[in-house]
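Trainee: Chains as they are written, first to last, in this note's numbering: chain G, 1 to 360; chain E, 361 to 720.
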DNA sequence: CACGCATTGGAAAACGTTACCCATGCTCGG
DNA sequence: CCGAGCATGGGTAACGTTTTCCAATGCGTG
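#1: My parser needs the beta strand (DSSP E) runs of 3 or more residues fully inside the segment 454-524 of chain E; what are they?
#2: How many whole angstroms separate the CB atoms of residue 276/G and residue 341/G, which I take to be in contact at a CB cut-off of 8 Å?
#3: Just tell me which of 380/E, 389/E and 463/E has its CA closest to the CA of residue 405/E.
#4: Taking 8 Å as the threshold (beta carbon to beta carbon), is residue 230/G in contact with chain E?
#5: Is the Cβ of residue 636/E closer than 8 Å to any Cβ of chain G?
#6: Which same chain residues, not among the five before or five after residue 178/G, have their C-beta less than 6 Å away from its C-beta?
#7: With 16 as the cutoff for other CB atoms within 10 Å, does residue 227/G come out buried or exposed?
#8: By DSSP's criteria, residue 336/G is part of a beta bridge. Which residues make up the other side?
#9: Report the residues of the segment 472-489 of chain E with a CB closer than 7 Å to any CB of chain G, ordered along the chain.
#10: Whose C-beta lies closer than 8 Å to the C-beta of residue 331/G among residues of the same chain, with five residues either side of it excluded?
#11: Is the segment 626-641 of chain E in contact with the segment 236-248 of chain G, if contact means three or more CB pairs nearer than 8 Å?
#12: Identify the contact partners of residue 438/E in chain G, using a Cβ-Cβ distance below 8 Å as the criterion.
#13: Among residues of its own chain, excluding the 5 on either side of residue 506/E, which ones have a beta-carbon nearer than 8 Å to its beta-carbon?
#14: Taking DSSP as the reference, what is the three-state secondary structure of residue 530/E?
#15: Report yes or no: is there a C-beta of chain E within less than 8 Å of the C-beta of residue 366/G?
#16: Using the beta-carbon count (16 or more within 10 Å), is residue 96/G buried or exposed?
#17: Would you call residue 550/E buried or exposed, if buried means 16 or more other Cβ atoms sit within 10 Å of its Cβ?
#18: So is residue 67/G buried or exposed if we call it buried at 16+ other beta carbons inside 10 Å?
#19: If the criterion is Cβ atoms closer than 8 Å, does the pair residue 616/E and residue 644/E meet it?
#20: Since residue 30/G is in the alpha helix (DSSP H), which residue starts that stretch and which ends it?
#21: Could you name the residues of the same chain whose beta carbon sits closer than 6 Å to that of residue 370/E, not counting the 5 residues immediately before and after it, in chain order?
#22: Is there at least one Cβ from chain E nearer than 8 Å to residue 233/G's Cβ?
#23: Are the Cβ atoms of residue 660/E and residue 693/E separated by less than 8 Å?
#24: Going along chain E, which residues have a C-beta under 8 Å from residue 262/G?
#25: Below 7 Å CB to CB, which residues in the same chain sit around residue 445/E once its five sequence neighbours on both sides are set aside?
#26: Which ranges does the alpha helix (DSSP H) cover as unbroken runs of at least 4 residues, wholly within the segment 552-610 of chain E, from first to last along the chain?
#27: Return no unless some Cβ of chain G is closer than 8 Å to the Cβ of residue 455/E.
#28: For residue 430/E, report the span of its beta strand (DSSP E) as first-last.
#29: Using only the alpha-carbon positions, how far apart do residue 417/E and residue 122/G sit?
#30: Excluding sequence positions up to five away, which residues of its chain have a Cβ less than 6 Å from the Cβ of residue 192/G?
#31: Under the assumption that residue 105/G contacts residue 74/G (Cβ atoms under 8 Å), give the Cβ distance between them as a whole number of angstroms.
#32: Give the straight-line distance between the Cα atoms of residue 477/E and residue 501/E, rounded to the nearest whole angstrom.
#33: In chain E, which residues lie with their C-beta within 8 Å of the C-beta of residue 100/G?
#34: Assuming residue 171/G and residue 214/G are in contact, meaning their beta carbons sit under 8 Å apart, how far apart are those beta carbons, in whole angstroms?
#35: So, is residue 388/E buried or exposed, given that buried needs 16 or more other C-beta atoms within 10 angstroms?
#36: Measure the CB-CB distance between residue 580/E and residue 544/E and report whether it falls below 8 Å.
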């Protein structure tokens, strides 16, 4: 550094011990609220800590004990749903000594491996993996090394806890809603998935299954129409283009995620179609974006905040008690209807294109 | 863990040294690409590393040398502009041995202090602080402890590097654009700021100054009209409500950030006003959201990606050479005109409310 | 009064890596 | 042929905690 960095050596536990006239062991005990320190001792040590402005070195701690660090792996930092989950995690971990550190893995399996390795190398006390693509086997290997909670992925394991919402039911809610409005040609945009394990575990796959099942249940099996792309805005854009090019254009599009719905709206706007006048659109996640008035997207609330809270709680539990059996938490989704869905046909369309209640 | 965690002891540098028949020093040298290891030695050691699946412990490394960890502090994980910056940072640091870890600080000064302390405690090799609220004095204290790059905050320091865009000019671009379209009553929504230092350093404050200056320059000094809230979606909503309640309603609103513009659009939709028919809206940041077709927001591109790339590059430089003088990088903003701005008055409004070119 | 036991405090050995310094053998110029 | 200098490799002491003992003290109990 220009002005010379680190002129003063860091205050260590030894300095504190000297200043308080006790042993380093005693200081360590106070720091960790461990057994064997009298109230007077605690007071003395805490006073010394404050006076010297001591802060424990996480690196040194990591060599023997905990690092008081929890890692959260996100697949995509742009998807606002994950921000909700993070809020929940932070809310739960706010008062504790733990620091949350986030790493994004860009929806890429090697990158995920890199991130999880990095977290393990850094001796993190626990990790929360959000919608990981990583193979089941690797997930279990990770979980055997460090307390792990997997969020948004079904399929229970004996080694890690999971938190997810009931995507099967959620997809059903959307189809039921659209069917009730009178739609028949309800199309779906899914995240393309080929891996057999992920087909049974990833939320995107479950939503697609839920969609198919619900279509059958409503007697709309013949109208099942799926575009396979990715769970990104661009994926939604491409998917909608595909669907619009079909001979029988759908009257409603159920996008597998709000961020996908954004892409759909993008494409529809480009095509000069109005929502819901020409086409109804629904998403999944109830991100803050969906509530945005000019969009007003019908979607499924899977309570991101609650998911985060639960994940953090499970992780703390697991850190405290390594032997507790693995737990699966499944949250019930809730449909949130907004202005992006309406009965098919021109009636609503007329109302929409008037400026009185603009949606697009 | 149910199945018993960590059955196998971690592979250490000692194991590698034994397996390769060399000293631990030699292994360490290879790991760090340090001087004093012959090609044959390197090959031998690397082979042993691969065979044993060795990974260095970041905690142990942190005690003596580097941790190969770079911390990024974000004020708000929901603002998509920061995602652009992060992309830039990741792009620049992708090929290196460094791992980027993110912590969000919720636009709160004590929380920022907590986060920066946590990063220092963890011996991070460098930190990138994005739009920090932290006092100048504390920033310099941080920078004297750990290589630091401050992003999006003006005011040059001798101890830390900065990367920012020219917010003064950027605000001027927006005002000029709106004035050229014929607007006079151009209002601005700013982030309320009282701290005297931040008033000269924070981008929000500079944008407000730039707005005032440009209004004067265009002979619109009498029309200066400012709502002071926060740089959040909710802040934009409240600000727009305030402005709409004024006796002389503005014909254009320049929101200090895209996320603020979102709130503005929210409020305008609620009030049944069309954009740009009734009111033009402009933002700042050119987030992906602004390009979203149903919104199509006129905004200022400050090249978040480039900002991130520069910040990462400066940080690596600084880590390599502590003595280089502090550098300030200032990027030129660029106006991106889209459909949310148009000439004032009904002419355009008629065109807008027709469904042919929907904006809201 | 002796004995066990709980409480309190400390000494010293890890933990896994890097930094510092020294030893060796070789080459090359004078 | 000799000494300087370089290339290569290793020994060992940190780094700042936590953990695992162990000692000393006080106290109740038989």
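Built from N, CA and C at the ideal position, the CB exists for glycine as well.
Mentor: This is what the structure gives:
#1: Listed in chain order, they are 459-464, 486-490 and 508-511.
#2: Contact check for residue 276/G and residue 341/G: beta-carbon distance about 5 Å, within the 8 Å limit, so the pair qualifies.
#3: Minimum Cα distance to residue 405/E is reached at 380/E.
#4: False, the Cβ-Cβ gap to chain E never drops below 8 Å.
#5: False, the Cβ-Cβ gap to chain G never drops below 8 Å.
#6: Once the five neighbours on either side are set aside, the close Cβ partners of residue 178/G are 186 and 252.
#7: It counts as buried.
#8: Bridge partners of residue 336/G: 299/G.
#9: For the segment 472-489 of chain E, the set of residues with a beta-carbon nearer than 7 Å to any beta-carbon of chain G comprises 477, 478, 481, 482 and 483, in chain order.
#10: Only 163, 164, 165, 166, 302, 303, 306, 307 and 310 meet the Cβ criterion.
#11: Touching, no.
#12: In chain order: 80, 83 and 288.
#13: The answer, listed in chain order, is 479, 480, 484, 485, 486 and 487.
#14: Helix, per DSSP.
#15: Not covered by the structure: residue 366/G. The range shown for chain G is 1 to 360.
#16: The residue in question, residue 96/G, is exposed, as its Cβ has fewer than 16 Cβ neighbours within 10 Å.
#17: By the neighbour-count rule (16 or more Cβ atoms within 10 Å), residue 550/E is buried.
#18: Buried, since its Cβ has 16 or more Cβ neighbours within 10 Å.
#19: Cβ atoms of residue 616/E and residue 644/E: closer than 8 Å.
#20: From DSSP, the alpha helix (DSSP H) with residue 30/G extends over 24-31.
#21: If we look at residue 370/E and ignore the five residues flanking it on each side, it has no Cβ neighbours.
#22: Yes - at least one Cβ of chain E is within 8 Å of the one on residue 233/G.
#23: For residue 660/E and residue 693/E, yes; Cβs fall inside 8 Å.
#24: Contact note: residue 262/G reaches chain E through 652, using a C-beta cutoff of 8 Å and chain order.
#25: Closer than 7 Å at the Cβ level, and outside the excluded window around residue 445/E, lie 490, 511, 664, 667 and 668.
#26: Taking only runs of at least 4 residues, the alpha helix (DSSP H) segments lying wholly in the segment 552-610 of chain E are 556-561, 563-577 and 593-605.
#27: Chain G, which has no Cβ nearer than 8 Å to the Cβ of residue 455/E, makes this no.
#28: Bounds of the beta strand (DSSP E) holding residue 430/E are 429-434.
#29: Rounded to the nearest angstrom, the two C-alpha atoms are 6 Å apart.
#30: Hits under 6 Å: 228.
#31: Taking 8 Å as the upper bound for CB-CB distance, residue 105/G and residue 74/G are in contact here, some 7 Å apart.
#32: So the alpha carbons of these two residues sit roughly 11 Å apart.
#33: Residues of chain E passing the Cβ test: 463.
#34: Contact flag correct, Cβ pair sits at about 6 Å.
#35: Counting the other Cβ atoms within 10 Å of the Cβ of residue 388/E gives 16 or more, which makes it buried.
#36: For residue 580/E and residue 544/E, yes; Cβs fall inside 8 Å.
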